[in-house]
Amino acid sequence: MFHSTIGLVHLISALFAMLTGAVVLLNTKGGKLHVRIGYAYVVGMLALNATAFMIYDLFGKFGPFHWLALVSLISIVGGMVPTLLRKQVKDWLYWHYYFMNWSVVGLYAAFWAELFTRTLPGGKFWYIVVAASGITAFIGSRLIRRNVGRLVEERMGKG
């Protein structure tokens, strides 16, 4: 069923990140559970991205999904560095909120590409992946904007 150990680790990392990302999103922010599950999410995403850079089956070279994995890594770093340096970073919670939320949205958008590479013929693949990922990003952007006041601005005394 799996073509390689790397592919298996990639799949397990993706499922783990999707699960831990959902747990973080659906639970109270800032507590011990958020921190612990959040770090687990970051580890899962780092493993997922590391293995993504080792997979070349689709294009045979560095392709669009590798670029998106790079964007994913940037979102993880952008979300974690301000948190780790919160005493030095003004409005660190904004940075953490936006980067980490977009990291999860990107993960779910990538799910569609991963699913459809295995189930659709090549000609229809791009249209459906772009549509599904676009819808995911649109819904994610609406949720991120809707919740920023409640989750960030109120905690920082700006809401």
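Residue numbers (this note's numbering): 57 to 215. For each residue, glycine too, the CB sits at the ideal point set by N, CA and C. This one's a predicted model, so the numbers in the text were calculated from it and none came from an experiment.
| Check | Outcome |
| --- | --- |
| Does the structure place the region 151-167 close enough to the region 65-76 that three or more beta carbon pairs sit under 8 Å? | yes |
| Under 8 Å, do N105 and L81 count as touching if we go by C-beta distance? | no |
| Please state if the CB of I184 and the CB of F167 are separated by a distance shorter than 8 Å. | no |
| Along the chain, where does the alpha helix (DSSP H) that runs through V145 open and close? | That residue, V145, is in no alpha helix (DSSP H); it is neither H nor E in DSSP. |
| Identify, in the order they occur along the chain, each residue of the same chain with its Cβ nearer than 7 Å to the Cβ of G215, setting aside the five sequence neighbours on each side. | Its pLDDT being 48, under 50, G215 is placed unreliably in this model, and the value from its coordinates should be taken loosely. If we look at G215 and ignore the five residues flanking it on each side, its Cβ neighbours are G205, E209. |
| Tell me which residues share the same chain as E170 and place their Cβ nearer than 8 Å to its Cβ, disregarding the 5 neighbours each side in the sequence. | A70 |
| Which value, in whole angstroms, describes the spacing of the CA atoms of M110 and K88? | 34 Å |
| Just to confirm my understanding: we take K85, look at its own chain, exclude 5 residues before and 5 after, and list those with CB closer than 7 Å. What are they? | L207 |
| Excluding five sequence neighbours on each side, which residues of the same chain lie with their C-beta closer than 7 Å to the C-beta of V79? | I93 |
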